[in-house]
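Novice: First the structure, which I've put down as structure tokens, then a few questions once you've had a look.
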């Protein structure tokens with residue numbers, strides 16, 4: 158999602174904003190300020206993988222067919238708690254086009270045959286000649302019942318390794334203070350460095 162607002166120092170606090178009650182989820186209190194943190198990894202040597210040693214019952218698979226209904230399930234079941242809204246209003250044709258876009262890959266983590274979470278990557282050519290190769294982690298998360306088992310760092314490590322093995326020259330992601338409480342720390346522990354922090358009044362779409 159594109160965030161507009163003032164750029165703050167990366168060391169700025171993200172926890173001091175007053176809270177307001179969400180109208181769509183009345184038991185959840187939201188901060189008045191949306192704080193979006195951008196992180197990047199510019200060299201493979203920065204990567205700090207954290208794979209699980211015991212892989213019994215776990216399998217990672219890349220979605221090979223643009224299954225719109227399955228993608229909608231992943232998006233909503235992983236993102237509802239964190240107010241992922243952007244693609245809920247997309248038509249099936251729009252979702253299919255996103256899934257078929259060159260450089261897009263959806264990696265699904267299964268636990269005992271059940272989808273537990275996913276990471277979505279998007280490769281892009283940048284620069285005037287298109288020779289610079291970057292990869293964005295567009296979406297990443299677990300369904301709530303699979304949190305707290307170390308699966309998130311395992312899935313993130315897989316996505317990072319996949320991107321570097323594909324030849325990316327820069328891997329980047331953004332997260333915000335509506336995401337899971339361990340999201341930012343997971344990115345930092347895997348080797349990402351903060352390069353920008355934006356702040357803006359909480360948009361109405363999240364209320």
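Numbering (our numbering), first residue to last: 158 to 364. Here a beta-carbon is modelled for each residue, glycine too, at the ideal position from N, C-alpha and C. From a predicted model like this one, the values you see are computed outputs, not experimental measurements.
Among 297, 264, 311, which has the Cα closest to the Cα of residue 211?
Specialist: 311
Novice: In terms of residues, what are the limits of the alpha helix (DSSP H) holding residue 249?
Specialist: 249 to 257
Novice: Let's test the definition: count the other Cβ atoms within 10 Å of the Cβ of residue 297 and tell me whether it reaches 16, buried, or not, exposed.
Specialist: buried
Novice: Taking the straight line between their C-alpha atoms, what separation do you get for residue 215 and residue 285?
Specialist: 42 Å
Novice: Name, in chain order, the residues that DSSP records as bridge partners for residue 224.
Specialist: Bridge partners of residue 224: none, in fact.
Novice: Taking the alpha carbon of residue 197 as the point to measure from, which residue in 321, 266, 257 has its own alpha carbon closest?
Specialist: Distance check between residue 197 and each of 321, 266, 257 places 321 closest, using alpha-carbon atoms only.
Novice: Using a Cβ-Cβ distance cut-off of 9 Å, determine whether residue 205 contacts chain C.
Specialist: Of the protein chains in the structure, only one exists, and it is not chain C.
Novice: Could you check what DSSP says for residue 234 in three-state terms: helix, strand or coil?
Specialist: helix
Novice: According to DSSP, is residue 207 helix, strand or coil?
Specialist: coil
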